[in-house]
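Everything on this sheet refers to the single structure shown next.
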Amino acid sequence: MKVCVGKTMNILVTGGAGFIGFHVAKALLDRGDHVIIVDDFNDYYDPQLKEDRIKALGDSNFKLYRQDISDFKEMENIFKENQIDKICHLAAQAGVRYSIDHPLSYESNNGRGTLVILEMARHFNVKDVVFASSSSVYGGNKKVPFSESDVVDNPVSLYAATKKYDELMAYTYHHLYGLNCTGLRFFTVYGPFGRPDMALFKFVKAITEDQPIDVYNHGNMKRDFTYIDNITSGVLAAIDKPFPYEVINLGNNRTVELHYFIELIEKDLGKEAKKNMMDMQPGDVLETHADIEKAKSLLGYNPGNDVEEGIKKFIDWYKEYYSIE
Ligand SMILES: NC(=O)c1ccc[n+]([C@@H]2O[C@H](COP(=O)([O-])OP(=O)(O)OC[C@H]3O[C@@H](n4cnc5c(N)ncnc54)[C@H](O)[C@@H]3O)[C@@H](O)[C@H]2O)c1
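The sequence shown: position 256 = 636 (the numbering used here), numbered continuously.
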C-alpha cells in the first residue's frame, strides 16, 4: 500500500543521518515536506553523531530506514512502501584520504549505491533526482575558479573518480530514461553537526584537547569553504527546479589559505595550535575555488556566511555539543 500525503511532497533523502543530509532533511521538514531518510549509519566516523542528528530532527514528519542503499531488493521494498516524488541522493563514502586505503568502500557505496538509486528512479518513475558530486572531480586542474565547463577527466583520488562516475551514470539515465538529474559539486562544506574527519572538526577537537594538528603541505593550501546553510539552500533550490541534466558548483567563490583558517580557529578558541607540519598527502589538491555563476543564474544561489562568521558558528555548536566551557 503506497503512502501519499496530500499535496506535500515525499522526498527521499539518502544519507539523511549524514552531515549535509541531516541539514537538508531538516530544511525540507521545516517547510512542510515529508522526508524518507535512508542511511546505513556506518562507522566511518562515530555513528553516535548520526544518531544525534536524527534526534535533532525531533518528531517531525519523517520516516527512517536504517538501510544500505546498495541493496537492490531492500531499496525496492522501500520504494514499494512509499510514494516517492523526488530523490535527493547524498549517501556516499566520503573522504579523499580514506579512499587511498579503503578503495572498495567507494566502489560499493558510491558506484553501486548510486546505480541502485538511479535504477529505483527508473523503475518507480521518479523523474527528478538531485545527487551529490564533489569539487574533487576538478582534480589538479590549474585554471581557477573551477567551472562546470572545465575538463574533469583527471581525478587524483578514487573518491573523485567515483563522483565523476556518478555524474556519468546520471547522464546515461537521463539520456536513456528521461530522468531529470542535477549533480551538485559541493566545495568543502562545514558547519554545525559537521563531519569529524574534516579539517575544521579535527582542528577544533585537537586544539581543545591540547593535541597537535597535522598541517598538510606546510599550510600552503587553499580551499573554497562553504557554510552548510548555503549548501542547504542550493540543494533545496535544485530539488524545486529540475533540469534535464546539469552539474552545478555549490561553493562560496572565495579561497581561504589554510594558515588563515587555522588563525581564525585559534582566535575563536582563544588558544594557539600545536602544529605538525606535514608534506602534501596523496590524493590531495593544492587549491579549490568555485565558479558559482551557473548556480546563481540557474538556482538563484547566493551564498552568505563568510568563513570568519561560519567558523565561529561551528565552534559555538562544538562547545555546546561536547559540553566544553
Ligand atoms: N562535506 C563535504 O565537504 C562534501 C564535499 C563534496 C561532496 N560531498 C558529498 O556530499 C554527500 C554528503 O556528504 P557528508 O559530508 O554529509 O558526508 P557524511 O558521511 O556525513 O554523510 C553521508 C551519509 O551517508 C551514509 N551512507 C554512506 N554509504 C551508505 C550506504 N551505502 N547506504 C546508506 N547510507 C550510506 C552515511 O552513514 C552518512 O550518514 C556525499 O555524497 C559526499 O560525497 C560532501
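All residues carry an ideal CB built from backbone N, CA and C; glycine is no exception.
*Take the Cβ of residue 616 as the centre, count every other Cβ of all protein chains shown within 10 Å, and call the residue buried at 16 or more, exposed below.*
Looking at its Cβ environment, which holds 16 or more other Cβ atoms inside 10 Å, residue 616 is buried.
*Would you report the Cα separation of residue 535 and residue 480, rounded to the nearest angstrom?*
Computed Cα separation, rounded: 13 Å.
*Tell whether a beta-carbon distance below 9 Å holds between residue 587 and residue 467.*
With respect to residue 467, residue 587 sits apart: the two C-beta atoms are not nearer than 9 Å.
*Look at the Cβ atom of residue 642, then the Cβ atom of residue 599, and state whether they are nearer than 9 Å.*
In this structure, residue 599 lies closer than 9 Å to residue 642 by Cβ.
_Going residue by residue through the segment 617-663, where are the continuous alpha helix (DSSP H) segments of at least 4 residues, counting only ones entirely within it?_
DSSP runs (the alpha helix (DSSP H)) wholly in the segment 617-663: 638-649.
_By the DSSP assignment, the alpha helix (DSSP H) with residue 563 in it spans what residues?_
Looking at the DSSP string, residue 563 is not in any alpha helix (DSSP H); the run it does join, the beta strand (DSSP E), is 560-566.
_Using a Cβ-Cβ cutoff of less than 8 Å, which residues in the same chain neighbour residue 496 once the five nearest sequence positions on both sides are dropped?_
Here the set comprises 449, 450, 451, 452, 455.
*What is the DSSP secondary structure of residue 516, reduced to helix, strand or coil?*
When secondary structure is reduced to three states using DSSP, residue 516 falls in the helix class.
*Assumed close pair residue 412, residue 394 - CB separation to whole angstroms, cut-off 8 Å*: Contact flag wrong, Cβ pair sits at about 21 Å.
*So, using beta-carbon positions, are residue 666 and residue 602 closer together than 9 Å?*
Yes, they are a contact pair.
*May I ask you to report which of helix, strand or coil DSSP gives residue 388?*
If DSSP states are grouped into helix, strand and coil, residue 388 belongs with coil.
*asked:* Please tell me whether, using a cut-off of 8 Å, the distance from the CB of residue 447 to the nearest non-hydrogen atom of ligand 1 is below it.
replied: With a cutoff of 8 Å, residue 447 counts as near ligand 1, since its C-beta is closer than that to a heavy atom of the ligand.
*Test item: CB-CB of residue 501 and residue 557 under 9 Å*: Yes, the Cβ-Cβ distance between residue 501 and residue 557 is below 9 Å.
*Determine, using beta carbons only, whether residue 570 and residue 608 come nearer to each other than 9 Å.*
A contact, by the Cβ cut-off of 9 Å.
_Can you tell me whether residue 522 is helix, strand or coil according to DSSP?_
Under the three-state reduction of DSSP, residue 522 is assigned to coil, being neither helix nor strand.
*Spatial neighbours of residue 385 within its chain, please: CB distance less than 7 Å, with the 5 preceding and 5 following residues excluded, ordered by chain position.*
Here the model assigns residue 385 a pLDDT of 40, short of 50, so the residue's position is not dependable and the matter cannot be decided.
_Beta carbon of residue 547 nearer than 9 Å to that of residue 515_ = Not closer than 9 Å, so no.
*Answer with buried or exposed for residue 652, where buried requires no fewer than 16 other C-beta atoms within 10 angstroms of its C-beta.*
Classification for residue 652: exposed.
_Residue of 476, 584, 517, 656 minimising C-alpha distance to residue 595_ = Taking only the C-alpha atoms, the option nearest residue 595 is 656.
*Enumerated in chain order, which unbroken segments of the beta strand (DSSP E) with a length of 3 residues or greater are wholly contained in the segment 576-601?*
DSSP runs (the beta strand (DSSP E)) wholly in the segment 576-601: 593-595.
*DSSP on residue 409, reduced to helix/strand/coil?*
In the structure shown, residue 409 sits in a helix (DSSP, three-state: H, G or I).
*Rounded straight-line distance, which links the Cα of residue 675 to that of residue 381*: Residue confidence for residue 381 is low, a pLDDT of 35 falling below 50, so the modelled location carries little weight; the figure read from the coordinates is stated next. Between residue 381 and residue 675, the C-alpha separation is close to 39 Å.
*Could you give the distance in angstroms between the alpha-carbon of residue 463 and the alpha-carbon of residue 506?*
Approximately 9 Å, taken between the alpha carbons.
*Among 659, 593, 662, 673, which one has its Cα closest to the Cα of residue 646?*
Comparing C-alpha distances from residue 646 to each of 659, 593, 662, 673 shows the shortest one belongs to 593.
*How is residue 605 classed by DSSP in three states: helix, strand or coil?*
Three-state result, residue 605: coil.
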